[in-house]
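In our numbering, the protein residues as written are 15 to 204. The block underneath contains the structure these notes are about, expressed in structure tokens.
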């Protein structure tokens, strides 16, 4: 059973890294496409057809398929105003509770998004633009990303619970604030 768990973890992590790095490349591609569209339209005076839709599709992929990668590396936004003042054990329990809620939200989104994607595939739906790409492509990004996010949260919750049982808790809460920025004081502040 433990061997199966390790294999599943590797598969989840592999898919997470694949979609995460693909999302990073999609972000670069979207920037290049938007820049090309501006140059073609403003400099050459040629109307563009596909650039806006393609860049929007890529950014949708970045948001939804990049989310599991962000969760895996714990780089998501945190509001740590209250949690940094809790005892280490209570802090870990709170992180588990919040992760369970987030996991359930990802599961619900994935559950309702897969039929939406399938309907676009079966119905051969396309956008109404001149370019007219199939809608199943951007519709795939939400259920794919939320399914992977759900799985990544399961791994995270499992690890947190195991560490809590072992007593392997970090004593000091990691603060996610901007520490390295020096803001010069104005004359009024002095």
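All C-beta atoms in this analysis are idealised placements derived from N, C-alpha and C, irrespective of residue type, glycine included.
- Burial check for residue 115: the Cβ neighbour count within 10 Å stays below 16, so the residue is exposed.
- Only buried fits residue 69, as 16 or more other CB atoms lie within 10 angstroms of its CB.
- Here the segment 163-182 does not lie against the segment 138-148, with fewer than 3 beta-carbon pairs under 8 angstroms apart.
- Ranking 42, 102 and 31 by CA distance to the CA of residue 86 puts 31 first.
- Taking residue 166 as reference, the option from 151, 120 and 146 with the minimal CA-CA separation is 120.
- In this structure residue 156 is not in contact with residue 134, their Cβ atoms being roughly 11 angstroms apart against a cut-off of 8 angstroms.
- Apart from sequence neighbours up to five positions away, the residues of its chain that approach residue 82 with a beta-carbon distance below 6 angstroms are 30, 162, 163 and 166, ordered along the chain.
- The way I'd put it, the segment 146-155 does touch the segment 72-79; three or more beta-carbon pairs between them come closer than 8 angstroms.
- One alpha carbon belongs to residue 100, the other to residue 41, and they sit about 37 angstroms apart.
- DSSP places residue 172 in the helix class (H, G or I) of the three-state scheme.
- Between the alpha carbons of residue 50 and residue 66 lies a gap of roughly 11 angstroms.
- Taking 8 angstroms as the upper bound for CB-CB distance, residue 117 and residue 178 are not in contact here, some 16 angstroms apart.
- Around the Cβ of residue 37, a 10 Å sphere holds 16 or more other Cβ atoms; the residue is buried.
- In the displayed model, residue 99 falls within a helix according to three-state DSSP.
- Per DSSP, the beta bridge partners of residue 148 are 140.
- Counting of Cβ neighbours within 10 angstroms places residue 45 among the exposed residues, the total staying below 16.
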